[in-house]
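Comments concern the structure below.
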Amino acid sequence: MAKVLTSIKIFPLNPEGDLSKLKNEIKNKLPNEASIIKFDEEPIAFGLVALIAHITIPEDKPEKINEVEEALKSIKDISEIQVLSSTRI
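Numbered by the working numbering, the letters in the sequence shown go through residues 728 to 816 in order.
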């Protein structure tokens with residue numbers, strides 16, 4: 728079965744926040760059938776670093792991406808999210 732890979736830019740609320748802790752919280756909040764492939768870090772400005780989460784979901788369950796976005800928005804240490812791309816793999 729094919730999967731969909733979605734890359735989401737995640738802006739932390741606090742520039743001095745612990746990115747390792749935030750990564751673990753993201754992994755724990757993801758709904759079933761969604762999984763992290765990897766995280767990238769992208770410097771923004773003035774010490775702020777955004778995370779780019781590369782997340783897969785099953786192709787036959789496109790509603791899962793909405794669940795992923797809602798899970799990310801529920802994390803108090805995240806100020807904003809932005810979907811960068813979505814592609815079938």
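We put the CB at the ideal spot given by N, CA and C, even for glycine.
Integer Cβ distance of residue i from residue j, believed to fall under 8 Å
{"i": "N766", "j": "L757", "result": "The sequence given here has Phe at residue 766, not Asn. In fact, because the Cβ distance is near 12 Å, the residues do not count as touching under 8 Å."}
{"i": "K754", "j": "I763", "result": "6 Å"}
{"i": "I792", "j": "I784", "result": "6 Å"}
{"i": "S812", "j": "S734", "result": "5 Å"}
Assigned secondary structure, residue i (DSSP; H/G/I helix, E/B strand, else coil)
{"i": "S801", "result": "coil"}
{"i": "A735", "result": "Reading off the sequence shown, one finds Ile at residue 735, where the question assumed Ala. It is a strand residue."}
Please give me, in chain order, every unbroken run of the beta strand (DSSP E) with length at least 3 that falls completely inside the region 738 to 811. 762 to 772, 775 to 785
Three or more beta-carbon pairs under 8 Å between the region 800 to 807 and the region 740 to 750, yes or no? yes
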